[in-house]
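Trainee: Position in the sequence shown (first residue = 1) + 435 = our numbering.
Quick reminder that beta carbons are idealized off the backbone N, C-alpha and C, glycines included.
The structure displayed is predicted, hence computed values, not measured ones.
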Amino acid sequence: MKELFKQRQSAFLALHRKYLPYVLNDHFILVLIFLLGFILFQYSQILKHFPKNHYPIILFLVAVYLILLAIGKPASYLEPADRHYLLRQEACIISHLKEAAKRSYFLWTSISLGLLTLLYPLMAKLGLAIVAFLALLVLFICLKWFIQQRKASALLEDGRLKWDQAIAYELARQQGILKFYALFTNVKGISGTFKERKYLNPITKAFPKKSQYLWTNLYLRSFLRGSDYLGLFIRLSLLSCLSLIFIKNHYLAIGLNFVWTYLLYFQLLALYHYYDYFYLGQLYPVNNKLKKTNLFYFLRLLAGVSLVLQLLFCRSIIVLVGIVVTILFLTLVYIPYKIKNMID
Numbered sequence: 436m437k438e439l440f441k442q443r444q445s446a447f448l449a450l451h452r453k454y455l456p457y458v459l460n461d462h463f464i465l466v467l468i469f470l471l472g473f474i475l476f477q478y479s480q481i482l483k484h485f486p487k488n489h490y491p492i493i494l495f496l497v498a499v500y501l502i503l504l505a506i507g508k509p510a511s512y513l514e515p516a517d518r519h520y521l522l523r524q525e526a527c528i529i530s531h532l533k534e535a536a537k538r539s540y541f542l543w544t545s546i547s548l549g550l551l552t553l554l555y556p557l558m559a560k561l562g563l564a565i566v567a568f569l570a571l572l573v574l575f576i577c578l579k580w581f582i583q584q585r586k587a588s589a590l591l592e593d594g595r596l597k598w599d600q601a602i603a604y605e606l607a608r609q610q611g612i613l614k615f616y617a618l619f620t621n622v623k624g625i626s627g628t629f630k631e632r633k634y635l636n637p638i639t640k641a642f643p644k645k646s647q648y649l650w651t652n653l654y655l656r657s658f659l660r661g662s663d664y665l666g667l668f669i670r671l672s673l674l675s676c677l678s679l680i681f682i683k684n685h686y687l688a689i690g691l692n693f694v695w696t697y698l699l700y701f702q703l704l705a706l707y708h709y710y711d712y713f714y715l716g717q718l719y720p721v722n723n724k725l726k727k728t729n730l731f732y733f734l735r736l737l738a739g740v741s742l743v744l745q746l747l748f749c750r751s752i753i754v755l756v757g758i759v760v761t762i763l764f765l766t767l768v769y770i771p772y773k774i775k776n777m778i779d
């Protein structure tokens, strides 16, 4: 059993090695370097000119502390077929799950303690003594152990494994990692769910039910009701707006806004293939040209929504010009080029 799960772990780590180069490409590393430099500079400025109002700093530190307590899931590497073929090995699976919880605990506790140590200068400025800080770290270690054990025990009931829940938990963990990689490249193995979201039904009436809007209507429904695209649009749009609000350096704000907007439309291009396995779609008496033009039209509409949202948080003419240039570049150059390559 140990050998089996070691092979599965190696296979999943191989996926990390496959997709990480797409994440840590030259352009993204350059952005990260500038962002890290900006964060360190702002951190030093806060320490030199510590604000008189301590409540925002306290709230920030409490939020970081709680988030670090919550993150980290045990990696069990269970698969759907295991509920049938490994049923007789349930005791070994439970033992493996407990070991996975311990590994997750040591990994995330080490990372969290390092981050909390980096934040100690802020705590010292608030008047926290080194003894009190060490007590907080000890409390963190104990709470983290309790939380990780609770995550593992939640998959057990009366000493028996909840197979369906444990498998769903592991699949959700892996899907979360793969969806992160999907922000940067095409990733195989991502699955999604479908939710009706009745409160969004009025939006589906925006386009008439005519043949020239066939694919636009389908793209709109997959965008609103799929498990990925709407959430992705909200998250990356929020990051773009937060970059414009909190980053005072205009050029850095424009650069980060470009990164988030680019990642958004890179992912939304996958809508083109959303109905590839819907065979009735292949029987429609329309050609791929309509599919292409409808996708381009739909993405331009979303770009217009993004532009309006971002302009609401624009603080200068330079940022305004940067936002407009970003949207124009994506809609007039990048998106048509990518759609053409998809069809070819």
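Assuming Arg518 and Ile602 make a contact with CB atoms under 8 Å, what is their CB distance in whole Å?
Mentor: Yes, Arg518 and Ile602 are in contact; Cβ-Cβ is about 6 Å, under 8 Å.
Trainee: Given a cut-off of 8 Å, decide if Lys508 and Thr544 are closer than it, judged by their beta-carbon atoms.
Mentor: The answer is no: Cβ separation not under 8 Å.
Trainee: Just the C-alpha distance for Thr696 and Leu715, rounded to the nearest angstrom, thanks.
Mentor: Each residue's alpha carbon lies about 33 Å from the other.
Trainee: Out of curiosity, what's the CA-to-CA distance linking Lys645 and Asn652?
Mentor: Those two C-alpha atoms are separated by around 9 Å.
Trainee: Leaving out five residues on either side along the sequence, give the residues of the same chain with a beta carbon under 7 Å from the beta carbon of Phe568.
Mentor: So the qualifying residues of the chain are Tyr555 and Met558.
Trainee: Might you give, ordered along the chain, the residues of its own chain that have their beta carbon closer than 6 Å to the beta carbon of Leu535, omitting 5 neighbours on each side?
Mentor: The residue asked about is misnamed: residue 535 is Ala in this sequence, not Leu. Excluding residues within five positions, the ones whose Cβ falls inside 6 Å are Pro509, Ala510 and Ser511.
Trainee: Is it true that the CB of Asn692 sits closer than 8 Å to the CB of Thr766?
Mentor: Cβ distance not < 8 Å, so Thr766 and Asn692 don't count as in contact.
Trainee: Return the first residue and the last residue of the alpha helix (DSSP H) that Lys614 is part of.
Mentor: Looking at the DSSP string, the run of the alpha helix (DSSP H) that includes Lys614 is Trp598 to Tyr616.
Trainee: Can you round the beta-carbon distance between Met436 and Cys527 to whole angstroms, since I take them to be within the 8 Å contact cut?
Mentor: About 4 Å; that satisfies the 8 Å criterion.
Trainee: Spatial neighbours of Leu590 within its chain, please: C-beta separation below 7 Å, excluding the five flanking residues on both sides.
Mentor: Answer for Leu590: Leu532, Leu596, Lys597, Gln600, Ala601 and Tyr604, listed in chain order.
Trainee: To the nearest angstrom, how far is it from the Cα of Leu635 to the Cα of Gln524?
Mentor: The straight-line gap from Cα to Cα measures roughly 46 Å.
Trainee: Compute the Euclidean distance between the alpha carbons of Leu807 and Phe495, then round it to the nearest angstrom.
Mentor: The chain is shown from 436 up to 779; residue 807 falls before or after that span and cannot be answered.
Trainee: Quick check on Ile474: buried or exposed, where buried means 16 or more other Cβ atoms within 10 Å of its Cβ?
Mentor: So Ile474 ends up on the exposed side.
Trainee: Excluding five sequence neighbours on each side, which residues of the same chain lie with their C-beta closer than 6 Å to the C-beta of Leu667?
Mentor: Counting only Cβ-Cβ distances below 6 Å, and skipping sequence neighbours, we find Gln702.
Trainee: Between the alpha carbons of Tyr520 and Lys614, how many angstroms are there, rounded?
Mentor: Whole-angstrom Cα-Cα distance: 28 Å.
Trainee: Let me know the secondary structure DSSP gives Leu521 once reduced to three states.
Mentor: DSSP places Leu521 in coil when its eight states are reduced to three.
Trainee: Mapping DSSP to helix, strand and coil, what is Glu438?
Mentor: Correct three-state label for Glu438: helix.
Trainee: How far does the alpha helix (DSSP H) with Pro556 in it extend, from its first residue to its last?
Mentor: Pro556 -> alpha helix (DSSP H) spans Tyr555 to Lys560.
Trainee: Given this structure, state the Cα-to-Cα distance separating Gly472 from Ser479, to the nearest angstrom.
Mentor: C-alpha separation (whole angstroms): 11 Å.
Trainee: Could you please give me the residues that DSSP links to Leu591 through a beta bridge?
Mentor: For Leu591, which the question treats as bridged, DSSP gives the partners Leu596.
Trainee: Just the Cα atoms here: how many angstroms apart are Ile546 and Ala498?
Mentor: C-alpha separation (whole angstroms): 16 Å.
Trainee: If you count every other CB in all the chains shown that lies within 10 Å of the CB of Ala446, and 16 or more means buried, which is it?
Mentor: When all chains shown are included, Ala446 counts as exposed.
Trainee: What residue ranges within the segment 692-766 form continuous beta strand (DSSP E) runs of no fewer than 3 residues, ordered along the chain?
Mentor: Entirely contained in the segment 692-766, not one beta strand (DSSP E) run reaches 3 residues.
Trainee: The alpha helix (DSSP H) that contains Pro491, what's its start and end?
Mentor: Its alpha helix (DSSP H) spans residues Tyr490 to Ala505.
Trainee: Assuming Ile493 and Leu561 make a contact with CB atoms under 8 Å, what is their CB distance in whole Å?
Mentor: Yes, they are in contact, since the Cβ atoms of Ile493 and Leu561 sit about 7 Å apart, within 8 Å.
Trainee: Provide the residue(s) that pair with Gly666 in DSSP beta bridges, ordered along the chain.
Mentor: Gly666 pairs with nothing; no bridge assigned.
Trainee: Starting from Leu513, trace the alpha helix (DSSP H) in both directions and tell me its first and last residue.
Mentor: Taken as a continuous stretch (DSSP letters only), Leu513 belongs to no alpha helix (DSSP H), as it is neither H nor E.
Trainee: Can you tell me the Cβ-Cβ gap for Val740 and Phe619, rounded? I've got them flagged as a contact below 8 Å.
Mentor: At roughly 23 Å, the Cβ-Cβ gap does not stay under 8 Å, so Val740 and Phe619 are not in contact.
Trainee: Spatial neighbours of Leu698 within its chain, please: CB distance less than 7 Å, with the 5 preceding and 5 following residues excluded, ordered by chain position.
Mentor: Leu618 and Leu671.
Trainee: Taking its Cβ as the centre, do 16 or more other Cβ atoms sit within 10 Å of Asn729, making it buried, or is it exposed?
Mentor: Asn729 should be labelled buried.
Trainee: Within the same chain, show all residues whose beta-carbon is closer than 6 Å to that of Ile529, passing over the 5 residues directly before and after it, in chain order.
Mentor: Excluding residues within five positions, the ones whose Cβ falls inside 6 Å are Leu596.
Trainee: Use the C-beta contact count for Tyr490: other C-beta atoms within 10 angstroms, 16 or more gives buried, fewer gives exposed.
Mentor: Result: exposed.
Trainee: Could you give the distance in angstroms between the alpha-carbon of Asn621 and the alpha-carbon of Leu742?
Mentor: Spanning the two alpha carbons is a distance of roughly 26 Å.
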